[in-house]
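Enquirer: Mind looking over this structure? Questions follow.
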Amino acid sequence: MFTTKCFIKKNKIGNFLKHVREHYIRDDISCGIPSCDDCNAEASSHLNEVHLNKCSLFKFEHFIILDTNVILDQMDVLEEPIICNVIILHTVYKEVKHRSLPIYKRLNAVLENPSRHFYIFVNDHHKDTFLPEDKNELINDHNDRCIRKATSWYMGHVPKRHFVLITDDAKNRQLALADNIPTCTITDYVKHLENNSILQDKLSRKDFHSEKEAKDIFPPHLSTAALLKGIKEGVLHQGTFRASKDNFLEGFVSVDGFTEPVLLQGRDGLNRSVDGDIVAVEVFKMENWVSPSEIVLEDEGVSEESIEDVEQKEQALKNTTVQEAEIKPTGRVVGIIRRKWKQYCGIIQGNSEGLYQIFVPANRSIPKVRIETRQAEFLKTQKLIVTIDSWPRSSRYPHGHFVRALGRIGSQDTENEVVLLEHDVPHSQFSEEVLSCLPKLPWIITEEDEKRRVDLRSIDICSVDPPGCTDIDDALHCRLIEEGKLEVGVHIADVSHFIRPGTAIDLEAASRATTVYLVGTRIDMVPGLLSSNLCSLRGGEDRFAFSCIWEMDLQANILSTRFHKSIIKSKSAMTYEEAQLTIDDQTKTDAIAESLRNLNKLAKILKKRRLENGALVLASTEVKILMDSETMEPLDVELKKMYQTNSMVEEFMLLANISVAQKILQEFPDCAMLRRHPTPPASNFDPLVKAGRHLGFDIQVDCGRNLADSLDRAVKPENPYLNTMLRMLATRCMLQAVYFPSGTLQKEDFYHYGLAVPLYTHFTSPIRRYADIIVHRLLAVICGSDSTYPDLLDKQKSSELCQNLNYRNRMAQYAGRASVAFNTHLFFKGKLNDEEGYILYVRKNALQILIPKYGLECTLYLVKKNETTLFEYDEEHQTQRAGDVVFHTFDPVTIRLQLDSSNIQHEKFSVLLVQPAIPGFSVPALSKDDEQVNDAEPVKKGKKRKNIAAKSPKKSKS
């Protein structure tokens, strides 16, 4: 039989529509209990009657039935194996899916594990447990009634078994007790289990035990109604809170109506916001706007009650802000619209004692968290994961709970895990479903394949990549086809041949979005059989490729372009250095050598033309870590060497991407996946313009061409590294390049600022970027090599995909940097060195120093705690003066560098000034015997070294 359900919905134009749905009621739905005489237990039921739950609150063994909020709030507890034989009602299951997709996915993972004995009972379709909705009843009350009804039914349906309803809703418990249903809260249940210390640590607590007369530290938040009213009337503004990494008492919120982010300062300004939260902001009147602080502040608080140090730092903060110059829109957070809390990695602060501990997140943007734990001594040796539960206004820190330990502090495996988790990098093993999509070995090219592709195996093609590269996704060729005319080809691994739309491997690759490169390891986007074998264009092996081939004259002018799927056989897989040596060795006259020389000549012309059009040459501190191949410990840190061949490969990858972008936009004007680099707002360039002005250079930022010319002119022979640092500063002024579907923006917004081209996409790295796979599919349709499918042409789904790609790419970049930072710290443990550096920024209380040799940035504090400073800060000219010594941006200095591991969570470099010598502040230079004090065992003769790049050094990063 069936009944009907009616829904009234309001559409986009304001009309109300009535939806009527049939709701089927059945009498053949199993209860899932194996010993039930009336039901045949379904094969999908994992319930087990041998090991039932035991809790001292109840005198009987029992099955558990859960309320919705218990699942939403206490998933960390429910994932523990001690909780088993749980019945999840379909009413609850649907509500969890509606309210939290991440929790829903975690619940499914438990449901699919037979050893956990979880079972879904479809109560809302069972004839004895279905309850029609009451028009006068709230949906929450109706769901609670369904839960009680289903629990009562189980008690009567299987009378020889016992059932316990766990709910944190006081009203639901009261009504359940009135119906003689055994019930309790999850907290009480866990406390009465045996060996419950770990489970108690994992309990999510919305309210911590605190003194009743505790003083409020933060102002109250406005009610939801007041927030919505304020935003609607324009009195308040909504935006995402971003915490400063240099100053724990400062943050920013980008809101509509203001060209610059709104500045927030102090406890009242931040008002319990956590990085990523969606907040409501009250913007002050313009006369109360201030400038961002020029000081670096760290939260050194050690206890919940001690706020004196915060008050002192707030006062110091107020003393450094000014009303005259560089003021920003300033405001305060008056309410939280949506929390964006997630799980955070970190450690327990070493000097905290008792039941309550202070957790220090690895991410400096996140405040410390107060947790309750009964295993503090063990956890103090571990990196762990913690979740925030609440932040009362009487508490200096948010309250949270322990989730799990990751491993011992300082272990490389543990630190890599932290980097991946902290940056939300998917890194689990590929599932069996994904692996089943891979081709079976041995894989061979068939006659049918040869008919569908252009056979280029006779052409002298080679690849040029970093040393040790196994995921080779591009190769090149160049040959003379007639006098004054060259054929140039870029051949890209045809990954889309193996990854078909909608398959498990396709969905996994779309979710991961990119390969992530850490020091010593790589998290592949696709399984190794593809990334390092069948798709990798290895030398001497037949491979499928997607080829972009141009006819060019000797001045690198494109005469014609064609695209097709091909079969290639790379004659050589070379490193950048090997390719450079081949080009430079004039005794080599074979086809590969001549091909490389011609490619190099054309690349120089292409680059010159790009730069003349206004493309930017920027700089960053990319380093490589030299690792011991046995212990995987860092042996040395050095800047990457760049060859002409790096630029040669980059130019042709850029050209291929531009050519493909033009083609796919022409054929798919609404759904071509493109990549844009937005023009930065003029305010972004303020630090660069100010630095240039102090050095006597006029940096023009009104357009990319003028910026490029300004940077070219900013040269001082006495400081050869100055221009590089200016370009690094310019890099930091840029916005992120992003993917987008062509149909979502106007054509003038397609522009790529850094490359100075109107159209750009990614086509050249499909092994490590999912965006390239989508572009391959679009191009394959154009070439007649493949057919389209609905999602490929769906603008909305393409837009959602691009959001994920942009997020994953950003996180992968941050993860790579964090991995390099950890391994650099590991390399410097126990060392004491004097190093040459340059001043990158002049701050109110510090100088930020760049050490080019290691690509390191560190802070030299000029004001020691409780001491009078020798320095005088000139904000207008951005200088620090001590007697006759004046420090300007980009001035050379010599510093003493030593790793300070007193704070294991946030290890930092202890920096002392050596040169210039300032009496009472500088330290004398080290002798050779003094350097590398307490250094680790030196590298033994013959010890193997392995070069591990800081991140993938492949091609253009644009």
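Using UniProt numbering, the letters of the sequence shown correspond one by one to residues 1 to 958. Virtual Cβ for every residue (Gly too), placed ideally from N, Cα, C.
In or out: Arg675 buried (at least 16 other Cβ within 10 Å) or exposed?
Expert: Walking along the sequence shown from the start, residue 675 turns up at place 675. By the neighbour-count rule (16 or more Cβ atoms within 10 Å), Arg675 is buried.
Enquirer: Give me the Cβ distance between His62 and Leu78, rounded to the nearest whole Å; I'm assuming they're in contact under 8 angstroms.
Expert: As a first step, residue 62 must be located in the sequence shown, where it is residue number 62. As a first step, residue 78 must be located in the sequence shown, where it is residue number 78. In fact, because the Cβ distance is near 16 angstroms, the residues do not count as touching under 8 angstroms.
Enquirer: Answer with yes or no whether the minimum CB distance from Leu805 to chain B is below 8 angstroms.
Expert: In the structure shown, chain B does not exist; there is a single protein chain.
Enquirer: Can you list, in chain order, the residues of its chain with a C-beta nearer than 6 angstroms to that of Ala818? Leave out the 5 residues immediately preceding and following it.
Expert: Mapped onto the sequence shown, residue 818 falls at position 818. If we look at Ala818 and ignore the five residues flanking it on each side, its Cβ neighbours are Val419.
Enquirer: Under a three-way DSSP split, which group does Phe887 fall into?
Expert: Along the sequence shown, one-based indexing puts residue 887 at 887. Three-state DSSP puts Phe887 in a strand.
Enquirer: Where does Lys380 sit, in a helix, a strand or coil, going by DSSP?
Expert: Walking along the sequence shown from the start, residue 380 turns up at place 380. Coil.
Enquirer: Taking C-alpha atoms, which residue in Gly743, Leu711 and Arg116 lies nearest to Met728?
Expert: Indexing the sequence shown from 1 puts residue 728 at position 728. Taking only the C-alpha atoms, the option nearest Met728 is Leu711.
Enquirer: With DSSP run on the structure shown, which of helix, strand or coil describes Ala882?
Expert: Taking the first residue of the sequence shown as 1, we reach residue 882 at position 882. Ala882: strand per DSSP, three-state reduction.
Enquirer: Who does Ser560 pair with in a DSSP beta bridge?
Expert: Here residue 560 refers to the residue found at position 560 of the sequence shown. Ser560 pairs with Glu551.
Enquirer: Excluding the 5 residues flanking Asn657 on each side, which residues of the same chain have their C-beta closer than 7 angstroms to its C-beta?
Expert: The residue given as residue 657 occupies position 657 in the sequence shown. These residues qualify, in order along the chain: Tyr760, Thr761, His762, Phe763 and Thr764.
Enquirer: What ranges does the alpha helix (DSSP H) occupy inside the region 711–738, keeping only unbroken runs of at least 4 residues that lie completely in it?
Expert: Counting whole runs of 4 or more residues, the region 711–738 contains the alpha helix (DSSP H) stretches 722–732.
Enquirer: Applying the 10 Å Cβ sphere with the 16-neighbour rule, what's the burial state of Lys954?
Expert: Here residue 954 refers to the residue found at position 954 of the sequence shown. Residue confidence for Lys954 is low, a pLDDT of 48 falling below 50, so the modelled location carries little weight and cannot support an answer.
Enquirer: Classify Ile348: buried if its beta carbon has 16 or more other beta carbons within 10 angstroms, exposed otherwise.
Expert: As a first step, residue 348 is located in the sequence shown; it is residue number 348 there, counting from the start. When all chains shown are included, Ile348 counts as buried.
Enquirer: Between the region 729–747 and the region 463–471, do at least 3 Cβ pairs fall closer than 8 angstroms?
Expert: The region 729–747 vs the region 463–471: no contact.
Enquirer: Would you say the region 506–523 touches the region 425–444, given that touching needs at least three Cβ pairs under 8 angstroms?
Expert: Touching, yes, given that three or more Cβ pairs across the two stretches are closer than 8 angstroms.
Enquirer: Using only the alpha-carbon positions, how far apart do Glu748 and Pro758 sit?
Expert: Indexing the sequence shown from 1 puts residue 748 at position 748. Indexing the sequence shown from 1 puts residue 758 at position 758. So the two alpha carbons sit approximately 8 angstroms from each other.
Enquirer: Thinking Glu857 and Leu847 are a contact (beta carbons under 8 angstroms), I'd like their distance in whole angstroms, please.
Expert: In the sequence shown, the residue the question calls residue 857 occupies position 857. In the sequence shown, the residue the question calls residue 847 occupies position 847. Not really, about 11 angstroms apart at Cβ, beyond 8 angstroms.
Enquirer: Reducing DSSP to helix, strand and coil, say where His752 ends up.
Expert: For this step, residue 752 is matched to residue 752 along the sequence shown. Strand.
Enquirer: Check whether the region 565–581 and the region 805–820 touch, using three or more Cβ-Cβ pairs below 8 angstroms as the test.
Expert: The region 565–581, when compared against the region 805–820, does not touch it at the 8 angstroms Cβ threshold.
Enquirer: Quick one: does the C-beta of Phe827 sit closer than 7 angstroms to a heavy atom of the ligand PLP?
Expert: Of ligands this structure carries none, so the ligand PLP is not represented either.
Enquirer: Smallest Cα separation from Leu688: which of Asn723, Arg705 and Thr869?
Expert: By 1-based counting over the sequence shown, the position of residue 688 is 688. The shortest C-alpha separation from Leu688 is found at Asn723.
Enquirer: Out of Leu897, Ser100 and Leu89, which one is the CA nearest neighbour of Leu111?
Expert: Here residue 111 is taken as the residue at index 111 of the sequence shown, counted from 1. The option with the nearest alpha carbon to Leu111 is Leu89.
Enquirer: Just to confirm my understanding: we take Lys160, look at its own chain, exclude 5 residues before and 5 after, and list those with CB closer than 8 angstroms. What are they?
Expert: Sequence index remark: in the sequence shown, residue 160 carries index 160 (1-based). Contacts found: Ser35.
Enquirer: Which same chain residues end up closer than 6 angstroms to Glu417 when comparing Cβ atoms and leaving out the 5 residues on each side of it in sequence?
Expert: For the purposes of this step, residue 417 is identified with residue 417 of the sequence shown, where counting begins at 1. Excluding residues within five positions, the ones whose Cβ falls inside 6 angstroms are Leu406.
Enquirer: Scan the region 178–265 and note each continuous alpha helix (DSSP H) run of 4 residues or more that stays entirely inside, going in chain order.
Expert: DSSP runs (the alpha helix (DSSP H)) wholly in the region 178–265: 186–191, 197–202 and 224–233.
Enquirer: Considering only the beta carbon of each residue, do Leu264 and Gly335 sit closer than 8 angstroms?
Expert: In the sequence shown, counting from the first residue as 1, residue 264 sits at position 264. In the sequence shown, counting from the first residue as 1, residue 335 sits at position 335. No; because the gap between Cβ atoms is not below 8 angstroms, this pair is not in contact.
Enquirer: Give the straight-line distance between the Cα atoms of Lys485 and Ile699, rounded to the nearest whole angstrom.
Expert: For this step, residue 485 is matched to residue 485 along the sequence shown. For this step, residue 699 is matched to residue 699 along the sequence shown. Cα to Cα, Lys485 sits roughly 41 angstroms from Ile699.
Enquirer: Let me make sure I understand the geometry here. Which of Leu618, Pro678 and Val781 has the alpha-carbon closest to that of Arg732?
Expert: By one-based count along the sequence shown, residue 732 stands at place 732. Taking only the C-alpha atoms, the option nearest Arg732 is Leu618.
Enquirer: Enumerated in chain order, which unbroken segments of the beta strand (DSSP E) with a length of 3 residues or greater are wholly contained in the region 767–855?
Expert: The region 767–855 contains these whole beta strand (DSSP E) runs: 833–842 and 846–851.
Enquirer: Pull up the distance between the alpha-carbon of Gln898 and that of Asn823, whole angstroms please.
Expert: Sequence index remark: in the sequence shown, residue 898 carries index 898 (1-based). Sequence index remark: in the sequence shown, residue 823 carries index 823 (1-based). The alpha-carbon atoms of Gln898 and Asn823 are separated by roughly 15 angstroms.
Enquirer: Using a Cβ-Cβ cut-off of 6 angstroms (strictly less than) and excluding sequence neighbours within five positions of Lys97, which residues of its own chain qualify?
Expert: In the sequence shown, counting from the first residue as 1, residue 97 sits at position 97. Contacts found: Tyr104.
Enquirer: Does the distance from the CB of His477 to the CB of Ala545 come in under 8 angstroms?
Expert: Along the sequence shown, one-based indexing puts residue 477 at 477. Along the sequence shown, one-based indexing puts residue 545 at 545. No.
Enquirer: For Ile839 versus His877, is the C-beta spacing smaller than 8 angstroms?
Expert: Along the sequence shown, read from residue 1 onward, the residue named residue 839 stands at position 839. Along the sequence shown, read from residue 1 onward, the residue named residue 877 stands at position 877. Not in contact: Ile839 and His877 (Cβ atoms no closer than 8 angstroms).
Enquirer: Starting from Glu482, trace the beta strand (DSSP E) both ways and give me its first and last residue.
Expert: In the sequence shown, the residue the question calls residue 482 occupies position 482. Residues Asp474 to Glu482.
Enquirer: Let's test the definition: count the other Cβ atoms within 10 Å of the Cβ of Met574 and tell me whether it reaches 16, buried, or not, exposed.
Expert: In the sequence shown, residue 574 corresponds to position 574, counting from 1. Classification of Met574: buried, given that the 10 Å Cβ count is 16 or more.
Enquirer: Quick check: what's the CA-CA separation for Val933 versus Pro916?
Expert: Locating residue 933 in the sequence shown gives position 933, counting from the first residue. Locating residue 916 in the sequence shown gives position 916, counting from the first residue. Bear in mind that a pLDDT of 47 at Val933, under 50, signals an unreliable position, so the number given afterwards is only what the model happens to contain. Going from the Cα of Val933 to the Cα of Pro916 covers about 23 angstroms.
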